[in-house]
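Residues are numbered in my numbering as their position in the sequence shown, beginning at 1, plus a constant of 46.
We put the CB at the ideal spot given by N, CA and C, even for glycine.
Small disclaimer: the values here were computed from a predicted structure and weren't measured.
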Amino acid sequence: MASSANPFSLSLSSELASNSSLHCANSSEVFLRFPNSPAPPSLRSSFVSPIKIELNRVGVSALKVSRIGSRISASSTPVMDQSPSQTSPRVPTVVEVDLGNRSYPIYIGSGLLQQPELLQRHVHGKRALVVTNTTIAALYLDKVVDALTRGNPNISVESVILPDGEKYKNMDTLMKVFDKAIESRLDRRCTFVAVGGGVIGDMCGFAAAAFLRGVNFIQIPTTVMAQVDSSVGGKTGINHPLGKNLIGAFYQPQCVLIDTDTLNTLPERELASGFAEVIKYGLIRDAEFFEWQEKNMQALMARDPGALAYAIKRSCENKAEVVSLDEKESGLRATLNLGHTFGHAIETGVGYGQWLHGEAVAAGMVMAVDMSYRLGWIDDSIVKRVHNIIKQAKLPITPPESMTVEMFKSVMAVDKKVADGLLRLILLKGPLGNCVFTGDYDRKALDDTLRAFAKS
Numbered sequence: 047m048a049s050s051a052n053p054f055s056l057s058l059s060s061e062l063a064s065n066s067s068l069h070c071a072n073s074s075e076v077f078l079r080f081p082n083s084p085a086p087p088s089l090r091s092s093f094v095s096p097i098k099i100e101l102n103r104v105g106v107s108a109l110k111v112s113r114i115g116s117r118i119s120a121s122s123t124p125v126m127d128q129s130p131s132q133t134s135p136r137v138p139t140v141v142e143v144d145l146g147n148r149s150y151p152i153y154i155g156s157g158l159l160q161q162p163e164l165l166q167r168h169v170h171g172k173r174a175l176v177v178t179n180t181t182i183a184a185l186y187l188d189k190v191v192d193a194l195t196r197g198n199p200n201i202s203v204e205s206v207i208l209p210d211g212e213k214y215k216n217m218d219t220l221m222k223v224f225d226k227a228i229e230s231r232l233d234r235r236c237t238f239v240a241v242g243g244g245v246i247g248d249m250c251g252f253a254a255a256a257f258l259r260g261v262n263f264i265q266i267p268t269t270v271m272a273q274v275d276s277s278v279g280g281k282t283g284i285n286h287p288l289g290k291n292l293i294g295a296f297y298q299p300q301c302v303l304i305d306t307d308t309l310n311t312l313p314e315r316e317l318a319s320g321f322a323e324v325i326k327y328g329l330i331r332d333a334e335f336f337e338w339q340e341k342n343m344q345a346l347m348a349r350d351p352g353a354l355a356y357a358i359k360r361s362c363e364n365k366a367e368v369v370s371l372d373e374k375e376s377g378l379r380a381t382l383n384l385g386h387t388f389g390h391a392i393e394t395g396v397g398y399g400q401w402l403h404g405e406a407v408a409a410g411m412v413m414a415v416d417m418s419y420r421l422g423w424i425d426d427s428i429v430k431r432v433h434n435i436i437k438q439a440k441l442p443i444t445p446p447e448s449m450t451v452e453m454f455k456s457v458m459a460v461d462k463k464v465a466d467g468l469l470r471l472i473l474l475k476g477p478l479g480n481c482v483f484t485g486d487y488d489r490k491a492l493d494d495t496l497r498a499f500a501k502s
């Protein structure tokens, strides 16, 4: 037990006590310093000493850890897990997607599936259809149904369980959602609820957009990829054998509910895949966030709760801001596709599901950065930093060996960003955190990049 001159005291674990000293600043906060040794492993991964620990008059129900002098706002600071005995509901972080009368909240936090009011306030009518896959159904279907129905006997919930994987993101699978909705005689006041990763979210959203010409839907993403990217912004759709996401619609959800506890069951490969999109935000518009990632990627890979919560929030803030300014990708929003033109070619070329989306995007970002360097738009230090952070995330920096230059070109020719026969690309230009969406570039640079990364 370590105490100060004020009436408050703080119990430290033996690990903390043996490596730290307490310095009281006032009656509501204490500074924990590690003067002669690095911070213990539980904190070392994501925070640099000194660390501020805020107290309250009841006791320490939660430790709020922040770097002294950090530019990160208090609301953005990762919060350590509460004591298991703490039973009061945790207040989620809320990021708003501002689209006028179609605005909606993104709820972010731990244990949100145990707070049924968050979901129920966004369910319209008395009928709901939960859309999920075989993997996620075994883990979370019952919890979602409970969250929809607890204390709400007037709602009836149906579910449809789809096969798991990118290769099933097609019209045949989509029809299973329509079949269930029609067989259940759902009406226009029903709500579709997507529970899963990006594939489920995209298909459920597209089904909601098309069923009876549009019904409400809710996103409950369970992967990093979906939480930081695909669940936010209203892009929905399915793949076609000739290209990824070529059939779909812009259709916004009623809300996005991100329960970070769902990441505890995420396989390592899926976890890493999602970090490709996190890295992307830093590269195209948020250099400070990229620098934070360079220092904290190890913590993210180790599933540090505070680091994950912060990365998800900061990513959602970036995505929400862009979507609010350019909902239907007329210009600015296209910059969120850094690496995706090359990446989609990889996914299509090797067969959907062989490479995860984030793996393909990671290699695609490296190719886009290579091309940016060949054009003289960035210096080699950025190239090196991109290589290093993608390697830290255990993601590939080269496409599959089976990819050829012709395979890239044939798929990229039908990319959604082609306009009047001109392939437009997102490339880095200038200091880190700046990019352009353009078709005005030297075609030789594109050819040279393709030849450097793919077989002729």
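Buried versus exposed, by CB contacts within 10 Å (16 or more), residue i
i           : result
residue 371 : exposed
residue 368 : buried
residue 358 : buried
residue 76  : Any reading at residue 76 needs caution, since the residue's pLDDT is 38, under 50, leaving its predicted position unreliable; the model's value is listed next. Residue 76 is buried by the Cβ-count criterion.
residue 477 : exposed
residue 234 : exposed
residue 330 : buried
residue 291 : buried
residue 489 : exposed
residue 420 : buried
residue 314 : exposed
residue 156 : buried
residue 376 : exposed
residue 491 : buried
Where residue i falls: helix, strand or coil (DSSP)
i           : result
residue 340 : helix
residue 62  : With a pLDDT of 39 at residue 62, under the threshold of 50, the modelled position of that residue is not reliable, and no figure is offered here.
residue 484 : strand
residue 293 : strand
residue 113 : Residue placement at residue 113 is poorly supported in this model, since its pLDDT is 31, which falls under 50; the coordinates still yield a value, given next. Here residue 113 sits in strand by DSSP.
residue 141 : strand
residue 490 : helix
residue 235 : coil
residue 286 : strand
residue 298 : coil
residue 386 : helix
residue 473 : strand
residue 500 : coil
residue 428 : helix
residue 373 : coil
residue 281 : strand
residue 216 : coil
residue 158 : helix
residue 178 : strand
residue 268 : coil
residue 147 : helix
residue 86  : Residue placement at residue 86 is poorly supported in this model, since its pLDDT is 39, which falls under 50; the coordinates still yield a value, given next. Residue 86 falls in the coil class under three-state DSSP.
residue 247 : helix
Span separating the alpha-carbon of residue i from that of residue j
i           : j           : result
residue 23  : residue 296 : Residue 23 lies beyond the range of the chain shown here (47 to 502); nothing can be said about it.
residue 497 : residue 473 : 18 Å
residue 479 : residue 424 : 11 Å
residue 179 : residue 192 : 18 Å
residue 211 : residue 384 : 23 Å
residue 43  : residue 487 : Limits of the chain in this structure are 47 at one end and 502 at the other, which puts residue 43 out of reach.
residue 196 : residue 268 : 21 Å
residue 231 : residue 204 : 11 Å
residue 168 : residue 162 : 11 Å
residue 484 : residue 431 : 23 Å
residue 452 : residue 427 : 30 Å
residue 501 : residue 449 : 7 Å
residue 471 : residue 273 : 25 Å
residue 248 : residue 351 : 26 Å
residue 3   : residue 207 : Outside the displayed span of the chain (47 to 502) sits residue 3, for which this structure offers no information.
residue 461 : residue 416 : 20 Å
residue 171 : residue 335 : 41 Å
residue 166 : residue 144 : 21 Å
residue 302 : residue 201 : 20 Å
residue 412 : residue 436 : 9 Å
residue 209 : residue 464 : 32 Å
residue 447 : residue 499 : 9 Å
Pair within 8 Å by beta-carbon distance, residue i and residue j
i           : j           : result
residue 239 : residue 266 : yes
residue 186 : residue 300 : no
residue 404 : residue 320 : yes
residue 323 : residue 277 : no
residue 433 : residue 410 : no
residue 159 : residue 174 : no
residue 481 : residue 381 : yes
residue 182 : residue 244 : no
Practice task
Inspect the CB distances between the region 248-259 and the region 277-287 and report whether three or more fall short of 8 Å.
Solution key: yes
Problem - Sufficient close CB pairs (3 or more, under 8 Å) joining the region 212-221 to the region 336-350 - result: no
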